[in-house]
Amino acid sequence: MISLVFVGMQIRENNIQARAAAYRAIGISTAEFHRGFNARMNRLEEESEYPEAVKRWPLEDWETVERIATADLRMLEMIQLQVEQGLLPPDAVARLGYSWGPILSNPAMACMWPELRTQVGSSVRKLIEDSTPEAQRLPCQVDLKALRDETILGQKKDATGVK
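To convert, count from 1 in the sequence shown and add 421; that's this note's numbering.
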């Protein structure tokens with residue numbers, strides 16, 4: 422009987438240590454991520470809320486915001502994986518300050534999500550898509566493919582279809 426109590430205490434202690442290590446790893450990753458931010462990145466994140474602002478962004482700004490979103494999504498995937506493995510509690514996303522709702526009402530994310538959604542797992546895709554009711558989702562107002570073509574290839578999209 423004493424050995425069962427001891428084993429139970431060891432399992433509990435190991436779980437506590439694993440959970441602490443998971444939180445520590447996420448905290449370090451989050452700090453490193455934000456340490457890499459500069460004033461321009463902060464400004465782009467603010468501008469991402471304004472449809473008229475994102476319409477003016479050059480490709481470089483879109484690429485910067487996409488890298489930020491990709492890093493955030495990777496962090497979210499890491500948290501969810503640790504929840505699924507039982508290392509973190511089910512409310513870990515909220516506890517760690519990851520508020521994703523309603524993210525698809527953000528004008529920049531509305532444009533990036535069709536491509537980003539193919540790069541994340543199903544649980545992250547569900548969390549993001551469930552965060553914004555269909556009626557609140559903004560349509561993308563920027564043709565990112567045309568912007569890439571224009572920037573990289575020097576080709577401006579012809580509205581008439583004639584080149």
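Backbone N, C-alpha and C define an ideal beta-carbon position, used for all residues, glycine too.
Here the structure is a predicted model, which means the values were calculated and not measured.
Here DSSP, grouped into helix, strand and coil, assigns Leu565 to helix. Judged by their CB atoms, Ser469 and Pro554 are not nearer to each other than the 8 angstroms cut-off.
With 16 or more other Cβ atoms from the protein chains shown falling within 10 Å of its own Cβ, Ile489 counts as buried. The three-state reading of DSSP puts Asn459 in coil, since its state is none of H, G, I, E or B. Shortest Cα-Cα distance from Leu497 to any of Val514, Gly448 and Glu467 involves Val514. Our two residues, Cys561 and Leu480, have alpha carbons roughly 15 angstroms apart in a direct line.
By the beta-carbon neighbour count (other beta carbons within 10 angstroms, threshold 16), Leu574 is exposed. Taking all protein chains in view, the Cβ of Ile449 is surrounded by fewer than 16 other Cβ atoms within 10 Å, so the residue is classified as exposed.
Phe454 and Val426 have their alpha carbons spaced roughly 42 angstroms apart.
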